[in-house]
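Q: Residue numbers (the numbering used here), protein chains in the order written: chain A, 109 to 863; chain B, 994 to 1265.
From the three backbone atoms N, C-alpha and C, an ideal C-beta is built for every residue, glycine too.
Keep in mind that this is a model prediction, so the values were computed, not measured.
Handing you this structure, nothing more for now.
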Amino acid sequence: MTVAIGDSSPRIDGEAKVRGTALYGIDYEEPHYLHGKILRSTVPAGRITKLDTSEAVKIPGVLAVVTAEDVPGRWGHVTVDQPVFATDVVRYEGEPIAAVAAETWNQARAALRAIVLEIEPLEVLGTMQEAMAEGARLLHPGWESYRNHFNTPREGNLAAIVDLRRGDIDAAFAKANHVIEDEFEVQRHHQASIEPRVCTARFENGRYVIHTSTQWPFNVRDGTAGYLGVRTSDVRIVVPTVGGGFGGKLIPTLEPAAALLARRSGRPVKLVNTRKEEFLSGCPRENAVVRVASAVTSDGEILGHRSEVLMDNGAYGGEQPVVAGLAPLMLCSNYRMGAISHTTKLVYTNTPPTGPFRGVLATYCNFALERHADHIANELGIDRREFRLRNIYVDGDESATGQRLEGVAFSDALERLDEVVPWPGLGARRHPYQGVGIACTVWNTNSMPSGASVKLNEDGTATLISSATEIGTGAVAQGLPQIVAAELGLDAGDVVVSRPDTDLAAYDGGAQGGRTMFMAGEAVLGAAREVRDQVLDAAALKLEADRGDLELADGVARVAGAPDRQVSLAAVARAELFRAGPVTGAGRHTHPPVSFDTGCVTGSVMTTFTGASYHVHLAEVEVDPETGEVTILRYAVAQDVGKILNPQAIRGQIYGGVIQGVGYALFEDLRLDEGICLDWGFASYRLPTALDVPPIDVVLLEAEDPVGPHGAKGVAEAPIIPVAAAIANAVSDAIGKPINSIPITPFTVLEALNA
Amino acid sequence: MIPSQFDYELAGTADEAVGLLSQHDDAKLLAGGHSLLPLMRLRFASPALLVDIGRLSELSYIKEADGSIAIGALTRHHDLAGSDVLRERCAVIAETAEGIGDPQVRHRGTIGGSVTHSDPASDLPTVLLALEAEMVARGPSGERAIAAADFFTGFLESALRDNEILTEIRVPAIGSAGAYVKFNRRAQDWATVGVAAVRLNGATNVALTNMGATPLRAAGVEEALAAGADTAAASAQAANGTSPPSDTNGSAEYRAHLASILTKRALEALDG
């Protein structure tokens, strides 16, 4: 059947994944490849006093050993602060120091053991407090000399400083009837992709060809080239089936080392992280502290907002200086805040580098904001939903940075949610120790650019050539071919999708921030429309019909209303070969600039929303006051998706996001002690199981976006964001005591109850 | 999983397994593998030889005789949970088995493996201790019965000798006079604490999971109940004489607290 927008068109990778025939990065092997392994630091801080690889290279089967001497360069997404291998100084447990490649895995292990490494310990700055203390040792003594692509403010152990000031904050606080303050603390959160980082590199004709498990091939290309000091076009990234990303596979990690080993050994080299290495070097969501103070009137108007966010960056910047810039937007763009004074500090520590994870800092900025909103409402004796309705953004309100927002769907979302789960209202009696919480959030769709091309094959099928990367969301396996099929009147399964390959396809901004359908989708739509144009022209000639009378469906072009006047797309494709050349189209897309108050913020490169979507989540919980156990009785989501392209895929992403959020709210905690990672396996790092998942109701809203394809916005990233807040608000409601840190454990619940 | 190197033998009969154990110093029995293999993965165990008894179907049975139930050591948790005999004659075993791990674990794991592994965090050893079960061991010189109270000798240690295999577990037919309550933070996890309560021969037996190096009888609770204390007062004694561990699932204090709460709930379930 011809595919349409709005169908639950099936995944093209579903069967292979279910049957186990999909070829993941970890399955990918090249002829005569070598096994690589990385020597990692076992201490969080120290000076390398001896590094001797002379015995390691003598081990039979060992073909290459590389250290910082072989690759002195640094790279960084924002600040150029990170080497491939530790140079003189070790800054975190798990930092790579050397790498080896050998014929067998055991030989590679033996080579690692034969490397003589001595490290003189340095004082460990294991926490943000220690790193920010007066006179603290500098993690990067040469920080001022590091290049910074965006010239964002930094200072010593502060890897980024974001400031936002709007309005007269002192006047607002002076005028307030109440000043309400809160402090929140959140843990590190590991992405837990089932497939670890893995790559296979070879050096061929002066170029590096790398098959790797990544969600942003062009960023890995650029970063690998940056580390190695070669042209970006000297690196080719190809992406096999990816076994999970969640933000953890955006930047290069193993690729530069594998490339070096391949060049040195003259053989392909495969590097695979062990599960422990995943936990040590996986760039988890950062632990953080959020402090908020609001100046409010007695009837619940917010006059002013002061806030400070402390983000633990770990030892190196990565993408985090970009992420930091989102903090004021996420804390101050649900509700009219009045005057704003906000600072975010990104702090270097002797801990594994943190990085993007689905929803980035929004998960905890929202936790802080929505817990704080409940606090204000309770303090003023205003119903918590009513407080939100009074202050929540509506069309025409300005974001924290002064962007004028249109199509704001908060009120609709609150209303539609209420139809599914009626809000009990202020003072409505529930069973003891049952509680309900809501949380609202706005979320951005990442607007990095994309290009794509579509060709009509000579059998009437189409091929989509794109480096948009499927990481499980269905955006590439479901959504992009659906756009092509709907445009060309093809059946599901009649669109072939290429592998991401930086040699073949145009630039793509990666599977991140819900952008694949939003940005790559628009490029793909453009390419498909070009093909459609060419097909319609050719068919009009062939059918001697007016182009405007033609429709594409069921694999044919036909005159609407005259089914006997039709020509198959296969015939069109073959005929076109010799009339005008192959039928092929290219699309490219970037987001138009968005205006905002440029003077109000410093240190941020994410200053505006694109494809803003609106979300309200509701949780009903029951607390066991004797054990402290929290049971989620019910969960409901109202989500604005712009336009429903594929309802089944959308629901899947919402369920997944909520479950991941339940893990964040209740179970997961990547613990550190003086820089040492305490959790390095799933025995102690606990993910929710199917039995921990509540029933989830989903309401979809369509506030169409003016830029996204068919009005669509990003869908997949956001559903994790309000979960911790909704659950914490429900638990706090159930026990009548504030829960201001996550994960919410039985111990913290009992402690709060007994406080 | 990448374990140390080991040899492997498939035992065709229980006696053959005993023979193999007698011939080798560093051999371990492999049944469902759900306790042993994780230990081997973490190198907490690296036996030189694995004797696979997983296919000895002769040791998978549930039979009633003379007022007690005999359970073959290789009976899988799934089969315990689905047994009509157990549901009628000793329901607490079936109910406990139903709550062990996840479906994969229940289809592979065996009662004998759980018992001989002697993990204080396992559910079935605690229930068997409360039931005053008998463990039947077969060695080169024949069979012997070991009382549950004597069986669990230490952390991951049992009274089973190196050349013995556990063949059968005998439990009294108490009908529905038993209850097992456990707490875990996340579904399918090991019990943070578990409590078994059983009415047997006119007395109430209470045993604890994960409150020390072995499953433990809650002597303080039993004595208080025998002396006529009410459920709440008796339950308050649950942690007496125990030394629970502290870990990410709960501090020793939290476990002591849980032991009392869960004991009360188990006793209430018994009365309910």
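Work out the CA separation of Gln674/A and Glu659/A for me, nearest whole Å.
A: Here the question's residue 659/A lines up with position 551 in the first sequence. Here the question's residue 674/A lines up with position 566 in the first sequence. One C-alpha to the other measures close to 9 Å.
Q: Please list, in chain order, the residues of the segment 792–805 of chain A that have any C-beta partner in chain B closer than 7 Å.
A: Ser792, Arg794, Pro796, Thr797, Leu799, Asp800
Q: Put Tyr81/A into one of helix, strand or coil per three-state DSSP.
A: A question about residue 81/A goes unanswered here, because the residues of chain A that appear run from 109 up to 863.
Q: Per DSSP, Arg1272/B forms a beta bridge with which residues?
A: Chain B is shown only over 994 to 1265; residue 1272/B falls outside these bounds and no answer can be derived.
Q: Which stretch, first to last residue, makes up the alpha helix (DSSP H) that contains Ser1253/B?
A: On the second sequence, position 260 is the one that residue 1253/B refers to. First-last of the alpha helix (DSSP H) with Ser1253/B: 1245–1264.
Q: Do you know how far the Cα of Thr1160/B is from the Cα of Ala1141/B?
A: Indexing the second sequence from 1 puts residue 1141/B at position 148. Indexing the second sequence from 1 puts residue 1160/B at position 167. Looking at the backbone, the Cα of Ala1141/B and that of Thr1160/B are separated by about 14 Å.
Q: Against chain B, does Thr735/A count as a neighbour if the rule is that its beta carbon must be under 8 Å from one of theirs?
A: As a working note, residue 735/A is residue 627 in the first sequence. It does; some Cβ of chain B falls within 8 Å.
Q: Taking Cβ-Cβ distances below 8 Å as the criterion, which residues of the segment 1199–1233 of chain B are in contact with chain A?
A: none
Q: Reducing DSSP to helix, strand and coil, say where Cys391/A ends up.
A: Numbered from its first residue, the first sequence carries residue 391/A at position 283. Three-state DSSP puts Cys391/A in coil, outside helix and strand.
Q: Would you mind telling me which residues of chain B sit closer than 9 Å to Phe775/A, beta carbon to beta carbon, in chain order?
A: What you label residue 775/A is simply residue 667 of the first sequence in a count that begins at 1. Neighbours of Phe775/A on chain B, chain order: Arg1178, Arg1179.
Q: Assign Arg759/A to one of three DSSP states: helix, strand, or coil.
A: Start at 1 with the first residue of the first sequence, and residue 759/A comes out as number 651. If DSSP states are grouped into helix, strand and coil, Arg759/A belongs with the helices.
Q: Any Cβ of chain B within less than 8 Å of the Cβ of Pro854/A?
A: Mapped onto the first sequence, residue 854/A falls at position 746. It does; some Cβ of chain B falls within 8 Å.
Q: Do you know whose CA, among Gly1221/B, Asp1223/B, Val1164/B, Ala1114/B, lies nearest Glu1125/B's CA?
A: Translated into the one-based positions of the second sequence, residue 1125/B becomes position 132. The residue with the shortest Cα to Cα distance from Glu1125/B is Val1164/B.
Q: For Glu728/A and Ala838/A, I'd like the C-alpha separation in whole angstroms.
A: On the first sequence, residue 728/A is found 620 positions in, with the first residue counted as 1. On the first sequence, residue 838/A is found 730 positions in, with the first residue counted as 1. Each residue's alpha carbon lies about 6 Å from the other.
Q: What's the C-alpha gap between Ala834/A and Arg339/A?
A: In the first sequence, residue 834/A corresponds to position 726, counting from 1. In the first sequence, residue 339/A corresponds to position 231, counting from 1. Between the alpha carbons of Ala834/A and Arg339/A lies a gap of roughly 47 Å.
Q: Starting from the C-beta of Arg414/A, find all residues in its chain whose C-beta is less than 6 Å away, skip the five residues before and the five after it, and write them out in chain order.
A: Along the first sequence, read from residue 1 onward, the residue named residue 414/A stands at position 306. Taking C-beta separations shorter than 6 Å and ignoring five residues to either side along the sequence, the partners of Arg414/A in its chain run Ala401, Ser449, following chain order.
Q: State the DSSP-derived secondary structure class of Met556/A, mapped to helix, strand or coil.
A: In the first sequence, the residue the question calls residue 556/A occupies position 448. If DSSP states are grouped into helix, strand and coil, Met556/A belongs with coil.
Q: Which two residues bound the contiguous alpha helix (DSSP H) that contains Arg1008/B?
A: Here residue 1008/B is taken as the residue at index 15 of the second sequence, counted from 1. Checking the sequence shown, residue 1008/B turns out to be Asp, not Arg. Counting along the chain, the alpha helix (DSSP H) containing Asp1008/B begins and ends at 1007–1016.
Q: Give the C-beta separation of Leu598/A and Gly663/A to the nearest angstrom, bearing in mind that I take them to be a contact with Cβ-Cβ under 8 Å.
A: Sequence index remark: in the first sequence, residue 598/A carries index 490 (1-based). Sequence index remark: in the first sequence, residue 663/A carries index 555 (1-based). Confirmed, Cβ separation roughly 6 Å.
Q: Compute the Euclidean distance between the alpha carbons of Gln511/A and Leu233/A, then round it to the nearest angstrom.
A: The residue you call residue 511/A lines up with position 403 of the first sequence. The residue you call residue 233/A lines up with position 125 of the first sequence. Leu233/A has its alpha-carbon roughly 39 Å from the corresponding atom of Gln511/A.
Q: Excluding sequence positions up to five away, which residues of its chain have a Cβ less than 7 Å from the Cβ of Val584/A?
A: Indexing the first sequence from 1 puts residue 584/A at position 476. Within the same chain, Val584/A has close Cβ partners Ala576, Thr577, Glu578, Val605, Thr624.
Q: One question on the structure: do Ser389/A and Val350/A come within less than 8 Å of each other, judged by their Cβ atoms?
A: Numbered from 1 along the first sequence, position 281 holds the residue referred to as residue 389/A. Numbered from 1 along the first sequence, position 242 holds the residue referred to as residue 350/A. Their beta carbons are not under 8 Å apart, which means Ser389/A does not touch Val350/A by this criterion.
Q: Measure the Cβ-Cβ separation of Thr459/A and Tyr200/A and say whether it is below 8 Å.
A: As a working note, residue 459/A is residue 351 in the first sequence. As a working note, residue 200/A is residue 92 in the first sequence. In this structure, Tyr200/A lies closer than 8 Å to Thr459/A by Cβ.
Q: Taking C-beta pairs closer than 9 Å, name the residues in chain A that Leu1251/B reaches, listed in chain order.
A: Indexing the second sequence from 1 puts residue 1251/B at position 258. Those are Glu734, Thr735, Pro854, listed as they occur along chain A.
Q: Run through DSSP, which three-state label would Tyr772/A get?
A: The count along the first sequence starts at 1 and reaches residue 772/A at position 664. Three-state result, Tyr772/A: helix.
Q: Can you have a look at Glu231/A and say buried or exposed, based on whether 16 or more other CB atoms are within 10 angstroms of its CB?
A: Working through the first sequence from its first residue, we reach residue 231/A at position 123. Result: exposed.
Q: Is Ile853/A buried or exposed, if buried means 16 or more other CB atoms sit within 10 Å of its CB?
A: Here residue 853/A refers to the residue found at position 745 of the first sequence. Correcting the residue type first, residue 853/A is Thr in the shown sequence and not Ile. That one is buried.
Q: So what does DSSP say about Tyr472/A, is it helix, strand or coil?
A: Taking the first residue of the first sequence as 1, we reach residue 472/A at position 364. Correct three-state label for Tyr472/A: helix.
Q: Mark Tyr472/A as exposed unless 16 or more other C-beta atoms lie within 10 angstroms of its C-beta, in which case mark it buried.
A: The residue labelled residue 472/A in the question sits at position 364 within the first sequence. Buried: at least 16 other Cβ atoms inside 10 Å.
Q: Under a CB-based cut-off of 8 Å, is Ile1139/B close to chain A?
A: To locate residue 1139/B, count along the second sequence from 1; it is residue 146. With 8 Å as the cut-off, Ile1139/B does not count as an interface residue toward chain A.
Q: Pairing CB atoms from the segment 633–647 of chain A with CB atoms from the segment 686–701 of chain A, are three or more of them under 8 Å?
A: yes
Q: I'd like the list of long-range same chain contacts for His1110/B, defined as Cβ closer than 6 Å, with 5 residues on each side in sequence excluded.
A: Position 117 of the second sequence, counting from 1, holds the residue named residue 1110/B. Excluding positions up to five away in sequence, the list reads Ser1028.
Q: Go through the segment 144–227 of chain A residue by residue and report every complete run of the alpha helix (DSSP H) that reaches 4 residues or more, in order.
A: 213–222
Q: For Asn1177/B, I'd like the list of residues in its chain whose CB is within less than 8 Å of its CB, leaving aside the five on either flank, ordered along the chain.
A: Locating residue 1177/B in the second sequence gives position 184, where the first residue counts as 1. Only Trp1183, Ala1184, Thr1185, Asn1242 meet the Cβ criterion.
Q: With which residues is Trp551/A paired in a DSSP beta bridge?
A: Position 443 of the first sequence, counted from the start, is the residue given in the question as residue 551/A. BP columns for Trp551/A point to Ser721/A.
Q: Assess contact between the segment 416–436 of chain A and the segment 706–720 of chain A, defined as three or more Cβ pairs (one per stretch) separated by less than 8 Å. Is contact present?
A: yes
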